[in-house]
Amino acid sequence: MSTSLAMTLDSYRRTITTVALVLIMLVFALSSARRAVWVDLYEFFLWMETTWFGVIGKTWGAAFAVVEAFHLLAMALLGGAVFVADFRLLGWCFSDVPAQEILDKAHKVFVVSLIVVLATGVFMACGVAGKIYWLPVFWYKMLALATGILFVFFIKRPLLRRDLNDINPRVIKLVAVTSILIWVTVAATGRWIGFAGS
Amino acid sequence: MNELLYNFAMWLDSQELSTLLHESYYMYNWVESTHVLTLMLCLGMLFLIDLRMLGLAFPNLPANSLAERLNMPMLIGFSIMVLTGLWLFYAVPVRNTQSVWFRFKMLLLIGAAINAFLFHKNLHSAAGSWAAEIKAPKNLQIGATLSLAFWILIVICGRFIAYDWFDCEYTEPGLAQFLSGCIDGQTVF
Amino acid sequence: MNDEAGRDKELADLETAATAVGVTVMVFFVVYWAAQIATTYDLLAMAYGW
């Protein structure tokens, strides 16, 4: 009995890790731990404003605006990569081209644009660290972003590296819709940071 | 010309709906967010087409078939951007009319449109043998590079509209006011 | 044969994990937006009193 249970648990290692992670996040969000961590992070956000990025971002408005524009451009490219891959999974485009071909190439574009988005994003965050620290929408965005990155590298890529014909088509569609939802939410909450601060 | 544009903007501004849109925190921000988020669809597809022509994305897919297929989602995105863009203009007509960035952006959009027209003409006349190659023919590569440049500048200008560096209100008479089309003795927004 | 079964188990694990995350994200999404719309509606109702 115990060995078969252990074997079952062992063969569902990724599922268990995932569910555990989700539960930890839920407990974290609903307990006082969230507030404690938030309070502790204040020093860090103050420090961010004193870094080079922070000083440039705060004092040189034009540089900040140009970085903002490139953040948007990289977001557009990231959107292109996400949409092409997910539309292919949903069977809306390129259904005559092997999915693996589209997925692999789209993933390359995705990684490059993700790096640019993160780099420009860190720069912008340093410039307005004292402001965004107080905005709930900023933390929602970080949650969505972390979810998105973990989802892509821990769930989506490992799953879709397998032969798509072997995977349950419903799961494929669910993965595609989830991916679109996550990345659109990341972008939407990001835009809302600008509104919330004004 | 500036006077004409200004009067037209003033007329739009005098309409109740324009004021309502402008003053509605949620409606304005929703439309603005839609405008920005649609970049992911419109420019996302456009960038992939352009990068394919330059051999930087999807090198194994036939370039012209990729361009044809991504055209539709791109145009859907573009239509949404035009509609929300018009809406945003209508909500803040005078300030946009007298924004030097908005004016640059409109000029760049015209440039991008001409470039897109030429690009498609070249794409059709060049159809065939090169499609499987990693890089497109020279003229299509130039078109793709120009398209990338136009759209990068358009996004930068679009982002700059939000900043008031060169608003009529904050500038002295001179080049900035001339480019922004400020009018002597006008109401300042 | 054994190898095949091992791969299938791994796939089942991947599929289950993906489903778990997908469902969680969907539920969170619905709750988040429902809450957003509800508070916006309340705010507007307070402001305009309908």
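Protein sequences, first through last, are from chains V, D and B.
For the working numbering, count along the first sequence from 1 and bump the result up by 4.
For the working numbering, count along the second sequence from 1 and bump the result up by 9.
For the working numbering, count along the third sequence from 1 and bump the result up by 1295.
Backbone N, C-alpha and C fix where the C-beta goes; we use that ideal spot for every residue, glycine too.
These figures come from a predicted structure and were not determined experimentally.
Extent of the continuous alpha helix (DSSP H) to which residue i belongs
i                      : result
residue 167 of chain V : Element bounds for residue 167 of chain V: n/a, residue is neither H nor E.
residue 28 of chain D  : 25-32
residue 58 of chain V  : 56-63
residue 126 of chain D : 109-134
residue 147 of chain D : 147-170
DSSP three-state assignment for residue i, whether helix, strand or coil
i                      : result
residue 66 of chain D  : coil
residue 132 of chain V : coil
residue 143 of chain V : helix
residue 16 of chain V  : coil
residue 108 of chain V : helix
residue 52 of chain V  : helix
residue 187 of chain D : helix
residue 10 of chain D  : coil
residue 101 of chain D : coil
residue 90 of chain V  : helix
residue 35 of chain V  : coil
residue 51 of chain D  : helix
residue 187 of chain V : helix
Cβ-based neighbour list, residue i, same chain, cut-off 6 Å, excluding 5 preceding and 5 following
i                      : result
residue 196 of chain V : 141
residue 96 of chain D  : 40
residue 128 of chain D : 152
Cβ shell of residue i (< 7 Å), same chain only, five flanking positions each side left out
i                       : result
residue 72 of chain D   : 61, 62, 140 and 145
residue 129 of chain V  : 52 and 136
residue 163 of chain D  : 114, 117, 118 and 121
residue 150 of chain D  : 62, 63 and 144
residue 152 of chain V  : 186, 187 and 190
residue 173 of chain D  : 179
residue 108 of chain D  : 170 and 189
residue 1296 of chain B : Per-residue confidence for residue 1296 of chain B stands at a pLDDT of 46, beneath the threshold of 50, marking its modelled position as unreliable; no derived number is given.
residue 22 of chain D   : 102 and 103
For residue j and residue i, believed in contact at Cβ under 8 Å, the rounded distance
i                       : j                      : result
residue 89 of chain V   : residue 107 of chain V : 5 Å
residue 121 of chain D  : residue 159 of chain D : 4 Å
residue 27 of chain D   : residue 102 of chain D : 6 Å
residue 76 of chain D   : residue 132 of chain D : 6 Å
residue 15 of chain D   : residue 192 of chain D : 5 Å
residue 1322 of chain B : residue 155 of chain V : With a Cβ gap of about 15 Å, residue 1322 of chain B and residue 155 of chain V do not count as contacting.
residue 110 of chain V  : residue 85 of chain V  : 5 Å
Other residues of its chain near residue i: CB distance less than 8 Å, five sequence neighbours each side excluded
i                     : result
residue 58 of chain V : 52, 130, 131 and 133
residue 94 of chain D : 44
Minimum Cβ-Cβ distance from residue i to chain E less than 8 Å
i                    : result
residue 7 of chain V : No chain E is present in this structure, whose protein chains are V, D and B.
Exercise for review: Could you name the residues of the stretch 108-130 of chain V whose beta carbon sits closer than 7 Å to any beta carbon of chain D, in the order they occur along the chain?
Suggested key: 109 and 113
Practice item. Select from the stretch 157-170 of chain D all residues with a C-beta closer than 7 Å to any C-beta belonging to chain V, and list them in chain order. Key: 161, 164, 165, 168 and 169
Review point. Using a Cβ cut-off of 7 Å, which residues of the stretch 158-177 of chain V contact any Cβ in chain B, in chain order?
Key: 159, 162, 163, 166, 170, 171, 172 and 175
Point to revise | Residues, ordered as in the chain, of the stretch 23-42 of chain D that lie near chain V by beta-carbon distance below 7 Å | key: 38 and 42
Practice item. Using a Cβ-Cβ cut-off of less than 8 Å, give me the residues of the stretch 77-108 of chain V that come near chain D, in sequence order. Key: 77, 79, 80, 81, 82, 83, 84, 85, 86, 87, 88, 91, 97, 98, 101, 105 and 106
Practice item. Using a Cβ-Cβ cut-off of less than 9 Å, list which residues of the stretch 101-120 of chain D approach chain V; keep chain order. Key: none
Review point. What residues in the stretch 1327-1341 of chain B bring their beta carbon closer than 7 Å to a beta carbon of chain V?
Key: none
**Study point:** Interfacial residues, the stretch 51-78 of chain D to chain V, with Cβ spacing under 7 Å
**Key:** 52, 53, 54, 56, 57, 66, 67, 69, 70 and 78
Check your understanding: Quick one, which residues of the stretch 1309-1322 of chain B are near chain V if we go by CB-CB under 9 Å, in chain order?
Key -> 1309, 1310, 1311, 1312, 1313, 1314, 1315, 1316, 1317, 1318, 1319, 1320 and 1321
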